[in-house]
Amino acid sequence: MKAFAKTDIGKKRSMNQDSFYCNETSVGSFQNLFIVADGMGGHKAGDQASKLCIEQMTDTISESVHKTPVSIFEEAVEKANKAVYEKAKANIEFEGMGTTMVACTIQNDTMYVANIGDSRLYLLREKLRQITDDHSLVEEMVKQGNLTESEARIHPQKNIITRALGTEEQVSADYFEVNVSKGDIILLCSDGLTNMVEDDDIEYIISQNASLEEAGKLLVEKAKQNGGDDNITALLAKVE
């Protein structure tokens with residue numbers, strides 16, 4: 636695996652509440668591990684939530700005795716949810732905090748994905764394809780036929796998410812298994828990228844740049860050029 640990750644505060648926010656973990660080598664029984672988390676809550680709370688989510692997930696995955704990638708991810712998500720939820724309950728400063736989370740590991744020719752919220756995972760193989768589903772109000776409206784995809788992008792309630800990690804005592808994440816091939820490129824990102832850059836432009840930038848580092852930096856820069864309304868995180872990994 637080759638990978639590159641970059642996060643940026645953007646142009647409108649006072650602090651960066653995004654966090655990422657990018658490890659091309661073994662973590663517990665995983666051959667690699669990639670995570671992006673986008674925190675939410677008051678001043679410092681979102682920052683705390685995303686960092687705590689990643690710390691707890693990586694610790695759990697490192698120590699897990701479960702045998703399958705999905706069961707390991709389930710344990711990691713459950714423990715991360717508990718850690719964020721209990722920290723929010725214990726400190727009024729962090730009340731109501733939570734975070735989105737998208738994570739994956741690639742084991743031979745299979746990618747295992749976990750997500751909650753509206754941070755996304757894409758797979759680029761000839762065409763860019765979104766693997767995860769957004770847990771958001773506008774996504775539900777799109778699925779019900781009440782909004783088009785283009786209308787959803789500019790809807791005033793596009794930032795309302797319907798599921799997050801750490802906001803409730805129990806958490807419900809989605810899990811995917813996807814076949815991958817040599818040369819496939821994986822993108823994990825926060826909505827600070829996808830709200831600012833169209834999927835076609837994301838595909839073009841990744842396809843036209845030989846290195847993951849060049850592509851990652853250009854994706855972040857494009858989001859800033861288009862307004863930079865939120866924190867921006869892009870993590871790219873290539874299957875070798």
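Numbering (my numbering), first residue to last: 636 to 875.
Just so you know, even glycine gets a beta-carbon here, dropped at the ideal spot from N, CA and C.
### Query
Across which residues does DSSP place residue 963 in a beta bridge pair?
Past the boundaries of the shown model lies residue 963; the chain is included only from 636 to 875, so the question cannot be answered.
Alpha helix (DSSP H) segments (min. 4 residues) lying fully within the stretch 694–732: The stretch 694–732 contains these whole alpha helix (DSSP H) runs: 704–725.
Separation of residue 657 from residue 802, as counted between CA atoms = Their Cα atoms are separated by approximately 25 Å.
Residue span of the beta strand (DSSP E) that contains residue 674, given as start and end
It spans 668–675 - the beta strand (DSSP E) in which residue 674 sits, taken as one unbroken run.
| If you check the beta carbons only, do residue 756 and residue 823 fall under 8 Å apart? | Contact: yes.
Review point. In chain order, what residues of the same chain lie with their CB nearer than 8 Å to the CB of residue 637, ignoring the 5 residues before and after it?
Key: So the qualifying residues of the chain are 659, 847, 872, 873 and 875.
### Query
Using the rule of at least 16 other Cβ atoms within 10 Å of the residue's Cβ for burial, across every protein chain shown, is residue 684 buried or exposed?
With 16 or more other CB atoms across the displayed protein chains lying within 10 angstroms of its CB, residue 684 is buried.
Cα-Cα separation between residue 666 and residue 697, rounded to whole angstroms
Within the model, the alpha-carbon separation for residue 666 versus residue 697 is close to 11 Å.
Exercise for the section: With distances taken Cα to Cα, identify the nearest neighbour of residue 723 among 821, 804, 866 and 744. Expected result: Just measuring C-alpha positions, the residue of 821, 804, 866 and 744 sitting nearest residue 723 is 804.
*Quick one: Cα of residue 655 to Cα of residue 671, how far?*
Rounded to the nearest whole angstrom, the C-alpha separation of residue 655 and residue 671 is 4 Å.
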